[in-house]
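Inspection log for the structure reproduced underneath, given as structure tokens.
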Ligand code: ATP
Ligand code: MG
Ligand code: MG
Ligand code: MG
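In the numbering used here, the protein residues as written are 191 to 754.
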């Protein structure tokens, strides 16, 4: 490929509104362009990367025995009413009406559609187990789309759904998928951790998330330095409680959200208005789903348990202000961002936002007299039961480390949640009707692109892991438009690469060398060969790997050996 025939749309300037490095670099490298909040165009260069990730995912799904299909992104409301999620899912579900005023949604996930397919097409245990997947754009009306494609409103997901006559068959496929996910993230060259997750209100019992480790990650994960124990923090806290371990301090609050010490910090971290009162936070909670609401008297004041509260039908469906008021009366509500474990309890009937009540803990252990700018650590110790670095691991070996992660994959044993609600049954070997067991398995294909950049970059730009690079090799001919020798050598090398199937980008633009070098580095192409008159006179080219500090002279004849 020649640069002159490709579309390179790099920028020098750092985009002002992009907060994290991957978002900045994706914009500067011209991989994506913003259309509207949380909506992006994948430019040709970015799409090449996205397709690379997609291909690895597809290959591993195929190898794991999953079958690809393609479901409509537009889904009829009737199916969601059957499962109960038309009511439960909340405002993240983008609902639309057709010209006949019939209700539809744009699929955020496809449990209903796939269960409908399977109940119609599968009648016997002999056709099971069955694992079906697709790679498709999903739509979620995220309350706070941010970080570019990391948390977008339309994003590419691989979603798979498996169906089984019984639990043991489900467990077998779950293990196969766990291994397939590990393969995917290994092949992509990412530093990742599978962690136990709480399946919460999604149903079922067993669940794992796959996290790419990065300080910018929105999630906190806990893992032991002395064993294989690894869990997301919500899950670790659940285990914590059943273990009845002594209550640790609230250090996690600061670890989980760097820089968050006060409630004012929390508002900033969560991009909530600085003058938020407890009441406006509750309204935000009701509208969006980043925070969980717990009602006093529930006795289960952590965010995981909150998801199971009848008012909070799913992690993304929060109580409305009316519901909250009705349930709280003049009492207390407890709010905290899911996954951040910073519960805030506030008497939101109070008009002013000073000296309110704060601190999610046991009933009647709320802190009085909290103020926005007061350091949380000032408050009297209370039983918050957050996990923190240095805690003993719940499995008894080693101590816990808390790190931040980006959730790139999530697998669930759903059990019969959807099949029961939607009456999906088959005949077993004894001719009896049994309700299907089900698993579901997601990978955030587009989020992976951003996550990879978070882990692989330097001051010059992106450094792609080989499996994701849009091109493996950049050929930069110097003065090509004047030097026949350079042009000839570059063309020959370009042809040779193409013949050998090496993805090559020859920068034949009539630009200054500095511009070309900067662009090829920003774009993160793993290998670069510079061809100039001076070295060529000695039969040499200059090779530099993207992570190398300096270039090295290599005989032109050996150039291919450096790349292959
Ligand atoms: P998150 O906790 O980040 O909101 P989720 O738990 O809601 O993600 P799942 O329902 O588990 O997401 O979906 C499967 C995968 O899809 C996630 O692991 C993630 O990689 C990806 N994903 C989810 N929401 C988004 C989004 N808004 N933008 C990009 N990728 C997303
Ligand atoms: Mg989500
Ligand atoms: Mg999640
Ligand atoms: Mg998830």
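Ideal Cβ placement from N, Cα and C applies to all residues, glycine included.
| Query | Result |
| --- | --- |
| 7 Å CB neighbourhood of residue 259 in its chain, flanking five on each side removed | 322, 324 |
| Proximity of residue 193 and residue 718 at Cβ, strictly below 7 Å | no |
| Integer Cβ distance of residue 632 from residue 605, believed to fall under 8 Å | Going by Cβ atoms, the distance from residue 632 to residue 605 rounds to 17 Å, so no, they are not a contact pair. |
| Runs of alpha helix (DSSP H) wholly within the region 606-647 (minimum 4 residues, chain order) | 607-611, 635-645 |
| Span of the beta strand (DSSP E) around residue 383 | 382-386 |
| Near ligand 4: residue 600 beta-carbon under 6 Å from a heavy atom | yes |
| Those runs of the alpha helix (DSSP H) which lie wholly inside the region 206-264 and span at least 4 residues | 211-218, 234-253 |
| DSSP-derived helix/strand/coil call for residue 670 | coil |
| For residue 357, the first and last residue of its enclosing alpha helix (DSSP H) | 357-377 |
| With 16 other Cβ atoms within 10 Å as the buried cut-off, status of residue 218 | buried |
| 7 Å Cβ cutoff met for residue 341 and residue 331 | no |
| Three-state secondary structure assigned by DSSP to residue 287 | strand |
| Segment contact flag, the region 601-619 with the region 395-403, C-beta cutoff 8 Å, min 3 pairs | yes |
| Reference residue 198; option with closest CA among 213, 238, 230 | 238 |
| Cross-strand partners of residue 200 (DSSP beta bridge) | In the DSSP output, where bridge partners are listed per residue, residue 200 has none listed. |
| Exposure of residue 686, with buried meaning 16 or more beta-carbon neighbours within 10 Å | exposed |
| For residue 305 and residue 627, the rounded distance between their alpha carbons | 11 Å |
| Which of helix, strand or coil DSSP assigns to residue 659 | coil |
| Straight-line Cα distance separating residue 684 from residue 643 | 27 Å |
| Cβ separation of residue 714 and residue 651, assumed to be a contact under 8 Å, to the nearest whole Å | 6 Å |
| 6 Å CB neighbourhood of residue 302 in its chain, flanking five on each side removed | 269, 270, 273 |
| Same chain, Cβ closer than 7 Å to residue 417, neighbours up to 5 away in sequence not counted | 583, 585, 587, 588 |
| Residue of 294, 280, 279 minimising C-alpha distance to residue 286 | 294 |
| Short Cβ contact (7 Å threshold) for residue 682 with residue 667 | no |
| DSSP state of residue 418 mapped onto helix, strand, coil | coil |
| Minimum C-alpha distance to residue 204 - residue among 210, 214, 196 | 214 |
| Cβ separation of residue 730 and residue 746, assumed to be a contact under 8 Å, to the nearest whole Å | 6 Å |
| Residue nearest to residue 300 in terms of C-alpha spacing, selected from 290, 278, 261, 663 | 261 |
| Paired residues, beta bridge with residue 295 - DSSP | 265, 285 |
| Same chain only: Cβ atoms within 8 Å of residue 292, ignoring 5 sequence neighbours per side | 266, 267 |
| First through last residue of the beta strand (DSSP E) which encompasses residue 735 | 730-735 |
| Coarse secondary structure for residue 712, derived from DSSP in three states | helix |
| Simplified DSSP assignment, three categories, for residue 410 | strand |
| First through last residue of the beta strand (DSSP E) which encompasses residue 346 | 344-354 |
| Distance CB(residue 296)-CB(residue 251) smaller than 7 Å | no |
| Contacting residues, own chain, Cβ-Cβ under 7 Å from residue 243 (five flanking each side not counted) | 378, 635, 638, 639, 658 |
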